[in-house]
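> Below you'll find the structure I mean.
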Amino acid sequence: MPPILEIQQLCKHYHDGDKLIQAVDQVSLTIEKGEFISLYGPSGSGKTTLLNLIGGLERPDSGDILLNGQSTPKLNTDQLTDLRLNKIGFIFQSYNLIPVFSALENVAFIMQMQGQDKASTLERAREVLKAVGLEGLENRRPAHLSGGQQQRVAIARAIAAKPSLVLADEPTANLDSQNSRALIELLKQLNEELNMTFIITSHDPEVIHFAPRQIQLRDGQVVSNDLDKDKN
Amino acid sequence: MSVRLSTFAWRNLWRNARRTLVLISVFTLGIFTMLLIQSFLQGWMKSTLETTYKNLAEPIQIHHPAYLDEPEVEHFFDFNAQLKQQLENTPDIQIAPRIRVNATMQSEYDSVSVMIVGFNPQAEKGLSFLSESMLTGDYQREAAGLVIGEKLAKRLTTQLDRRVVLMAQKNGGGLAEIGLPIQGLYKHADPRIEESLVFMPIDTAANWLNIKQGLHEIGMVPATDNKLEIQTLSAELQAAFPELSVQTIWQRQPILEATLELSENMIWIWLGFVLLLMMLGMLNTLMMSLYERQQEFNLLYSLGIKPLRLRLLVVYEVGLILLVSTLLAILLMLGLVAWIGDGIELQRFAEGAAQFGMGTKLYLLIDLPKWTEVLVATLSTTIVFSLWPIWRATRHNRLQAR
Ligand SMILES: Nc1ncnc2c1ncn2[C@@H]1O[C@H](COP(=O)(O)OP(=O)(O)OP(=O)(O)O)[C@@H](O)[C@H]1O
Ligand SMILES: [Mg+2]
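Those sequence lines, one after another, are chains D and B. For the first sequence, position 133 matches number 237 in my numbering, and the numbering has no gaps at all. For the second sequence, position 59 matches number 133 in my numbering, and the numbering has no gaps at all.
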């Protein structure tokens with residue numbers, strides 16, 4: 105079996121006026137199925153850019169990304185969009201949910217867009233909302249959920265269709281430490297139960313060290329890539 | 075419960091209810107205005123045609139082939155049994171036989187040239203304006219006498235029951251004179267008609283002018299007002315009687331037709347103007363709303379919703395607004411039509427309008443094909459115009475920048 109994700113010599117630059125910013129610089133990584141990885145580094149070190157490249161929201165200048173052995177930079181934009189819909193779960197820091205949909209509908213909508221039939225979609229949405237601890241809140245709209253609850257809905261949506269890879273960009277940044285802790289524990293639990301692969305960026309040391317494998321970026325380059333000795 | 079794109083679109087509309095209501099008002103008002111303009115025009119055209127018909131210019135008329143160019147007394151035709159038979163066998167028509175010649179009318183004070191119409195009161199009823207325009211006296215009296223316009227009576231300084239003398243060329247040569255009493259006065263919105271048309275019983279006219287069974291004109295009004303059917307009927311009659319001239323109003327008065335056609339085309343300038351205003355209002359609001367929802371589009375795109383789907387979503391929303399507005403506009407129109415009812419007589423403008431041969435009644439005609447034209451034009455223009463901002467807001471490169 106190929107690794108779930110293989111990144112080779114990946115580069116991405118931006119222009120800021122006359123200045124050239126090397127946001128991702130010669131990054132090579134291999135990630136196996138079922139890993140739980142934290143990605144950290146100072147602001148501007150390229151974490152979001154790297155996640156966006158993996159998710160096909162940005163295109164690399166050079167290098168390759170192999171998802172389940174398939175090279176994604178060669179796909180066209182529509183194919184990349186389909187890839188996100190079916191193979192990748194995204195969780196963002198904020199504005200994760202569609203305001204006019206209830207928690208249940210937020211989860212079910214994406215599954216329906218995947219072409220799943222209605223009845224099984226709703227059943228599955230209930231199931232995952234229960235798994236993330238939101239039983240009883242299915243019919244609330246995002247405005248009537250706390251920040252932590254909203255992030256749980258986002259997690260439920262990300263895992264509902266059993267993607268190969270879940271990418272979470274600072275999912276706990278807007279949460280207090282207690283909620284943050286609970287959320288990261290939930291992610292870890294799902295990782296273990298479902299053998300789903302997670303890459304999570306964060307500035308929060310507690311979150312970073314919670315992950316068995318931690319990857320540090322600086323100026324777009326990988327500066328450390330360790331399995332946490334304290335933990336394992 | 076399901077979460078389809080249509081559910082999403084519908085809920086999005088009520089996210090900013092005020093804006094949606096503004097859009098619905100703009101479209102309702104715009105569509106209503108366009109329907110109103112179109113219905114008014116159609117009503118006016120119909121009224122103009124009906125007015126024209128009533129002024130002794132029926133949809134179909136039969137003449138001696140030379141009569142229309144030279145309205146001489148000799149250019150009459152025989153109302154023979156064969157023609158009578160044919161007309162009697164044509165269903166759903168009303169006909170009026172007439173004798174029409176130029177004459178001089180003389181009172182003790184003045185003399186004026188007039189147009190004599192020898193008519194059959196029974197046949198004329200409901201066809202010409204006369205039955206609705208009598209001021210005093212009775213046009214249905216069998217006795218030999220005249221019905222003239224009030225203005226003509228004034229000009230000749232004469233009045234009801236006074237006698238006047240008529241002088242005209244008679245058939246076979248020579249002048250014929252006849253003295254007759256005035257037994258009725260009529261009024262007409264068009265002063266030129268009121269001052270020139272003089273009616274007398276058809277038998278009196280035939281005797282006076284020495285043309286026996288001859289006629290100068292048969293006016294014919296079919297029950298249908300469908301142009302094509304009228305033209306077909308006219309052509310059939312013409313084929314059956316090649317020695318006569320059977321012509322429709324459009325053949326006899328090409329300028330009338332051109333005027334009506336021009337009005338129909340001109341109306342699109344107005345409709346285009348209303349449409350343009352609507353589009354400006356719509357685009358402004360739509361762009362604002364798309365701009366505010368950029369974050370949501372980005373989210374959906376990041377989650378794997380293709381731009382095509384996003385576009386469909388917004389088109390759906392615009393479509394829903396259009397649907398609601400169209401229904402409201404149609405309801406408003408139907409309400410207005412019901413309220414106006416049979417039409418409003420434009421007394422004040424009647425004389426001016428009549429001089430140009432226009433109808434003098436304001437009414438709204440529900441002309442379904444024309445309404446459909448307006449609606450199709452509005453709906454397609456709106457969708458086409460909204461596509462550009464929608465496309466812009468949901469381009470890949472815009473969605474990528476998160
Ligand atoms: N669309 C863009 N245009 C120009 N420069 C960009 C763009 N996106 C990112 N950058 C630049 O690339 C570098 C990496 O940005 P990135 O967002 O990946 O950092 P990050 O590690 O996620 O930071 P943070 O912790 O603040 O979220 C930064 O210097 C940023 O300014
Ligand atoms: Mg970032």
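Note that the Cβ used here is the ideal one computed from N, Cα and C, for glycine as well. The structure displayed is predicted, hence computed values, not measured ones.
1) Could you give the DSSP three-state label for T185(D): helix, strand or coil?
2) Whether or not the segment 192-203 of chain B and the segment 116-131 of chain B are in contact is what I'm after, with contact meaning three or more pairs of Cβ atoms, one per stretch, closer than 8 Å; do they touch?
3) Alpha carbon to alpha carbon, how far is N156(D) from R230(D)? Give it in angstroms, no decimals.
4) Tell me the DSSP bridge mates of E291(B)?
5) Return no unless some Cβ of chain B is closer than 7 Å to the Cβ of Y118(D).
6) Interface residues of chain D around Q369(B) at Cβ under 9 Å?
7) Just to make sure I have the definition right: I need the residues of chain B whose C-beta is within less than 7 Å of the C-beta of F194(D). Which are they?
8) Taking the beta carbon of K123(D) as the centre, do at least 16 other beta carbons fall within 10 Å, making it buried, or is it exposed?
9) Using 7 Å as the limit for Cβ to Cβ distance, is M105(D) near chain B?
10) Quick check on R89(B) - is its C-beta less than 7 Å from some C-beta in chain D?
11) Could you tell me how far apart the beta carbons of L220(B) and F273(B) are, in whole angstroms, since I believe they sit closer than 8 Å?
12) For the alpha helix (DSSP H) containing I457(B), list its first residue and its last residue.
13) Quick check on the burial criterion: 16 or more other C-beta atoms within 10 angstroms. Buried or exposed for Q293(D)?
14) Decide yes or no for the touch test of the segment 217-234 of chain D against the segment 299-308 of chain D: beta carbon pairs closer than 8 Å, at least 3 of them.
15) At a Cβ threshold of 7 Å, is R85(B) touching chain E?
16) Does any heavy atom of ligand 1 sit closer than 6 Å to the C-beta of T153(D)?
17) For V239(B) and G223(B), which I take to be in contact (beta-carbon distance under 8 Å), what is that distance rounded to the nearest angstrom?
18) Just mark R367(B) as buried or exposed, buried being the case when its beta carbon has 16 or more other beta carbons within 10 Å.
19) With 7 Å as the threshold, decide whether the Cβ of R188(D) is near any Cβ in chain B.
20) Opposite P218(D) in the DSSP bridges: which residues?
21) Any beta carbon from chain B within less than 7 Å of T185(D)'s own beta carbon?
22) The beta strand (DSSP E) with K137(D) in it runs from where to where?
23) Ligand 1 heavy atoms versus the CB of Y118(D): any closer than 6 Å?
24) Looking at the structure shown, is D334(D) part of a helix, part of a strand, or coil, going by DSSP?
25) In this structure, what does DSSP give as the bridge partners for A242(B)?
Walking through what the data contain:
1) Counted from its first residue, the first sequence places residue 185(D) at position 81. T185(D) falls in the helix class under three-state DSSP.
2) yes
3) Start at 1 with the first residue of the first sequence, and residue 230(D) comes out as number 126. Start at 1 with the first residue of the first sequence, and residue 156(D) comes out as number 52. So the alpha carbons of these two residues sit roughly 29 Å apart.
4) Taking the second sequence and counting its residues from 1, the one referred to as residue 291(B) is at position 217. In DSSP, E291(B) forms a bridge with R172(B).
5) Residue 118(D) sits at position 14 when you count from the first residue of the first sequence. By this cut-off, Y118(D) is not an interface position.
6) Residue 369(B) sits at position 295 when you count from the first residue of the second sequence. Under the 9 Å cutoff, chain D gives Y199.
7) Walking along the first sequence from the start, residue 194(D) turns up at place 90. S376, L377, listed in chain order.
8) Position 19 of the first sequence, counted from the first residue, corresponds to residue 123(D). That one is exposed.
9) Translated into positions along the first sequence, residue 105(D) becomes position 1. Not closer than 7 Å to any Cβ of chain B, the Cβ of M105(D) fails to qualify, so no.
10) Here residue 89(B) is taken as the residue at index 15 of the second sequence, counted from 1. R89(B) counts as touching chain D.
11) Taking the first residue of the second sequence as position 1, residue 220(B) is located at position 146. Taking the first residue of the second sequence as position 1, residue 273(B) is located at position 199. About 7 Å; that satisfies the 8 Å criterion.
12) In the second sequence, residue 457(B) corresponds to position 383, counting from 1. Start and end: 442-467.
13) Taking the first sequence and counting its residues from 1, the one referred to as residue 293(D) is at position 189. Classification for Q293(D): exposed.
14) no
15) Given the protein chain composition of this structure (D and B), no chain E is represented.
16) In the first sequence, counting from the first residue as 1, residue 153(D) sits at position 49. Checking the Cβ of T153(D) against ligand 1 gives yes.
17) Indexing the second sequence from 1 puts residue 239(B) at position 165. Indexing the second sequence from 1 puts residue 223(B) at position 149. Not quite, the Cβ-Cβ distance comes to about 18 Å (not below 8 Å), so this is no contact.
18) As a first step, residue 367(B) must be located in the second sequence, where it is residue number 293. By the neighbour-count rule (16 or more Cβ atoms within 10 Å), R367(B) is buried.
19) To locate residue 188(D), count along the first sequence from 1; it is residue 84. It does; some Cβ of chain B falls within 7 Å.
20) What you label residue 218(D) is simply residue 114 of the first sequence in a count that begins at 1. The amino acid occupying residue 218(D) in the given sequence is Gln; Pro does not appear at that position. In DSSP, Q218(D) forms no bridge with anything.
21) Within the first sequence, residue 185(D) is the residue found at index 81, counting from 1. Closer than 7 Å: yes.
22) Counting from one through the first sequence, the residue named residue 137(D) turns up at place 33. Premise fails: K137(D) is in no beta strand (DSSP E) and is neither H nor E.
23) Residue 118(D) sits at position 14 when you count from the first residue of the first sequence. Checking the Cβ of Y118(D) against ligand 1 gives yes.
24) Residue numbering aside, residue 334(D) sits at position 230 when the first sequence is read from its first letter. The pLDDT assigned to D334(D) is 49, lower than 50, so where the model puts this residue is not dependable; a value taken from the coordinates is nonetheless given after this. Coil at D334(D), not helix or strand.
25) Start at 1 with the first residue of the second sequence, and residue 242(B) comes out as number 168. A242(B) pairs with A250(B).
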